């Protein structure tokens, strides 16, 4: 099947690290994405990783990809209250003349002061 | 700064009304998408378009139609709105087939059907 799974909720204290996990099913996926959605807003791309990489770091964000286990994680260092949002994992694969995105349901991150 | 603009942020419509949701992008993207987002169901693809006048059904096209007369504009149409179409609607765009494309989203349109 085509499922991307994420836990629905995560709560952390301000200053701690957050780790949001995602599993996907299709080993032929080319790109994996993390999007952030703040309350009442659209989604914005946080970062993405190509399937032949196993790690990508961008300031406070670290993405780890375990292709063998089809597991993707997003680590946010020094989590701030402004990081409170829903985080979506998505996998992208070619579908003929186009690209198909499979979305997780989103992980709601609550950051407590 | 790249932009996907959804013309209406909040709408309240009556059951049976015809509803137009408009989306414009300024990035000359070929692909445009309409999603709806509901609590516990995540993002579900309604329709997408990969070129002017081209459209393809997504996962939940029933009750919706779309129009793409110009490259920059993709409209979602509810011919006869029903209460189960109360939702947040998100428009998105991306280049056709390029490595690592970012998908750009609009801010969303909250539709309430009463």
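Chains as they are written, first to last, in the working numbering: chain A, 1 to 113; chain B, 1001 to 1114.
Even glycine gets a Cβ: it sits at the ideal position worked out from N, Cα and C.
This structure is a prediction, so every number in the text was calculated from the model and none was measured.
- At least one CB atom of chain A sits nearer than 8 Å to the CB of residue 1103(B).
- Within chain A, the C-beta atoms nearer than 7 Å to that of residue 1107(B) come from 41 and 42, in chain order.
- At a cut-off of 8 Å, the C-beta of residue 1011(B) has no neighbouring C-beta in chain A.
- The beta carbon of residue 65(A) does not come within 8 Å of any beta carbon belonging to chain B, so the residue lies off that interface.
- Between the alpha carbons of residue 37(A) and residue 1006(B) lies a gap of roughly 16 Å.
- Close to chain A, meaning a Cβ-Cβ distance shorter than 9 Å, are the following residues of the region 1034–1045 of chain B: 1035, 1037, 1040, 1041, 1042, 1043, 1044 and 1045.
- Annotation: Cβ neighbours of residue 1090(B) in chain A (cutoff 8 Å, chain order): 42 and 43.
- The beta-carbon distance between residue 1044(B) and residue 1060(B), rounded to whole angstroms, is 5 Å. This is short enough to meet the 8 Å contact definition.
- Closer than 8 Å to the CB of residue 106(A) there is at least one CB belonging to chain B.
- Interface with chain B (8 Å Cβ-Cβ cutoff): residue 34(A) is excluded.
- The DSSP assignment places 4–6, 9–13, 18–24 and 31–37 as complete runs of the beta strand (DSSP E) inside the region 4–40 of chain A, in order along the chain (cut-off: 3 residues).
- Residue pairing by DSSP places residue 101(A) opposite 92(A) in a beta bridge.
- In this structure, the CA atom of residue 1031(B) is about 13 Å from the CA atom of residue 1058(B).
- For the set 1047(B), 1041(B), 1042(B) and 1024(B), the Cα lying nearest the Cα of residue 1034(B) is the one of 1047(B).
- In this structure residue 71(A) is exposed. Its beta-carbon is surrounded by fewer than 16 other beta-carbon atoms within 10 angstroms.
- Taking residue 1020(B) as the centre and dropping the five residues before and after it, the same chain places the C-beta of 1075 and 1077 closer than 7 Å to its C-beta, in chain order.
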